[in-house]
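Single-structure report; data block below.
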Ligand code: HAM
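Numbering (my numbering), first residue to last: 754 to 1167.
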């Protein structure tokens, strides 16, 4: 038997309605904010992520699904959505169009991680990117989109925000971090030694216990923000307060991807264990330029759909009922089944959700099946009905039955 690859999951037909629900609420939320969908390829040139996501991130160094295609090009399945959207923004000249350019996506993403609850190798994201606006209100707007989605889904989470400054103040902070970590260098893990050299901010992101202990007393970026970045962060907080969004400042949030500047944020649930971050994002004012576009400020976020569903299931958040047929047409014998097939075609083309027997079951078994799949009505066609040109329609909720002529059947269910 061939199994599903490690770290991936099937969404079975009896579960997919939950996914469709979360996706439709995400689309509705985007519409509320006048955000349209963008679709970009599942794979991109590897270089896009190396340059976009960052050479020192775990995502790029350890987790990418990279392969050579038959034309000997290095291709990578996208590990996240932002880089591809930025590539498209630049390539399609969206910077000279109407700004801000807002867009959302619902995508599969691929990271070669150690699978555990809430951590998969193929997972799905709903993401939003806003290009062209540098004001703090736009950061707050991105957070508000995520907050609106989470509230609509009935998910209770905590919002943590931080600012990691601009390249100017970050340089000062990196120096301070290096000074702080220098005496502890031999206690740091192997990866952190490289991080120390290449990108000290990443040191704060380490999950190793020993490194975490040292990190706990490291200097805070917030003490190193330049005047402009400090003002920007203060404005973000004010906008959040205006919108009634509760937040907590967490100066240890640096995010796992390199492109962020200024505001970073995470929505964290305590209901699903270690992988509690259901949504993360921030501003990335340097990314478009670093990928060859004109300098363009941008901000966005992505929410993990599996994690959203996990929290919803864990906390008993409201999910819609699975789709059920309005009517099940039961046929007594071959001839009745043939007529039922024709009636079902007419009902369906009129928009009535209809199911019929495909298994040559007895009438009793057909009733049982209709009940199991949640049909609201069962319309029975036997020899008498066929002769009369009518079906006996039973309301499965109250048990009442009535005869309905073939010609009236469609209007009966409309
Ligand atoms: P990220 O924090 O890497 O950010 O991922 C966003 C969300 O995707 C996470 O909060 C989590 O819910 C989900 N996620 C990440 N990795 C996994 C995994 N292995 N298994 C299941 N779920 C996962 C980004 O991807 C950025 N592109 C977000 C962004 C958009 N920033 C600005 N714009």
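Just so you know, even glycine gets a beta-carbon here, dropped at the ideal spot from N, CA and C.
Any chance the CB of residue i is under 8 Å from a heavy atom of the ligand HAM?
i: residue 959; result: no
i: residue 1031; result: yes
i: residue 882; result: yes
i: residue 909; result: no
i: residue 835; result: yes
i: residue 871; result: yes
i: residue 1037; result: yes
i: residue 802; result: no
i: residue 812; result: yes
i: residue 1163; result: no
i: residue 1054; result: yes
i: residue 790; result: no
i: residue 1042; result: no
i: residue 1028; result: yes
i: residue 864; result: yes
i: residue 1009; result: yes
i: residue 776; result: no
i: residue 1059; result: yes
i: residue 933; result: no
i: residue 1019; result: yes
i: residue 1114; result: no
Would you mind stating whether residue i and residue j have Cβ atoms separated by less than 9 Å?
i: residue 824; j: residue 1053; result: no
i: residue 883; j: residue 1158; result: no
i: residue 1061; j: residue 903; result: yes
i: residue 1044; j: residue 771; result: no
i: residue 934; j: residue 971; result: yes
i: residue 894; j: residue 992; result: yes
i: residue 1086; j: residue 1142; result: no
i: residue 1105; j: residue 1166; result: yes
i: residue 794; j: residue 813; result: no
i: residue 896; j: residue 877; result: no
i: residue 1148; j: residue 1129; result: yes
i: residue 815; j: residue 865; result: yes
i: residue 1049; j: residue 848; result: yes
i: residue 946; j: residue 963; result: no
i: residue 1064; j: residue 1055; result: no
i: residue 867; j: residue 1028; result: no
i: residue 1099; j: residue 1109; result: no
i: residue 796; j: residue 912; result: no
i: residue 839; j: residue 1041; result: yes
i: residue 905; j: residue 1059; result: no
Residue i bridges to which residues according to DSSP?
i: residue 869; result: 872
i: residue 1007; result: Note: residue 1007 sits in no beta bridge, so no partner.
i: residue 1056; result: 879 and 1032
i: residue 1084; result: 1134
i: residue 1065; result: Answer is none; residue 1065 lacks a bridge partner.
i: residue 1094; result: For residue 1094, which the question treats as bridged, DSSP gives no partner whatsoever.
i: residue 916; result: 1016
i: residue 830; result: 796 and 818
i: residue 1156; result: 1145
i: residue 983; result: Paired residues: none, contrary to the question.
i: residue 1107; result: 1080
i: residue 861; result: 877
i: residue 842; result: Paired residues: none, contrary to the question.
i: residue 729; result: As displayed, the chain neither begins before 754 nor continues past 1167, which places residue 729 out of reach and without an answer.
i: residue 1051; result: 884
i: residue 1021; result: 911 and 1030
i: residue 854; result: 884
i: residue 790; result: 857
For residue i, count neighbouring Cβ atoms within 10 angstroms of its own Cβ and tell me buried if that reaches 16, exposed if not.
i: residue 785; result: exposed
i: residue 763; result: exposed
i: residue 817; result: buried
i: residue 758; result: exposed
i: residue 936; result: exposed
i: residue 789; result: exposed
i: residue 827; result: exposed
i: residue 943; result: exposed
i: residue 1102; result: exposed
i: residue 755; result: exposed
i: residue 779; result: buried
The ligand COA heavy atoms versus the CB of residue i: any closer than 8 Å?
i: residue 903; result: The ligand COA is not part of this structure, which contains only the ligand HAM.
Please confirm if residue i has its CB atom under 9 Å from at least one CB of chain C.
i: residue 1054; result: Reference to chain C is not applicable here, since this structure consists of a single protein chain.
**Message:** Assess contact between the stretch 919-931 and the stretch 967-987, defined as three or more Cβ pairs (one per stretch) separated by less than 8 Å. Is contact present?
**Reply:** Yes: the two stretches touch, three or more of their Cβ pairs being nearer than 8 Å.
**Asked** Do the stretch 1119-1133 and the stretch 1070-1083 make contact, defined as three or more Cβ pairs closer than 8 Å?
**Response** The answer is yes - the stretch 1070-1083 touches the stretch 1119-1133, with three or more Cβ pairs under 8 Å.
**Cβ contact check for the stretch 1008-1027 and the stretch 910-924: 3 or more pairs under 8 Å** = When C-beta atoms of the stretch 1008-1027 are compared with those of the stretch 910-924, three or more pairs fall below 8 Å, so the two segments count as touching.
**Message:** Quick check: the stretch 1083-1094 against the stretch 1106-1114, are at least 3 beta-carbon pairs closer than 8 Å?
**Reply:** The stretch 1106-1114 vs the stretch 1083-1094: in contact.
**Prompt:** Is it true that the stretch 838-852 meets the stretch 775-783, where meeting means three or more beta-carbon pairs spaced less than 8 Å apart?
**Reply:** As far as the Cβ criterion goes, the stretch 838-852 does not touch the stretch 775-783, which means the pair count is below three.
**Asked** Quick check: the stretch 985-1004 against the stretch 886-893, are there 3 or more CB pairs under 8 Å?
**Response** Short answer: they touch.
**Message:** Is it the case that the stretch 849-856 contacts the stretch 799-810, given that we only count it when at least three CB pairs across the two stretches are under 8 Å?
**Reply:** Contact between the stretch 799-810 and the stretch 849-856 is absent: fewer than 3 CB-CB pairs across the two stretches fall below 8 Å.
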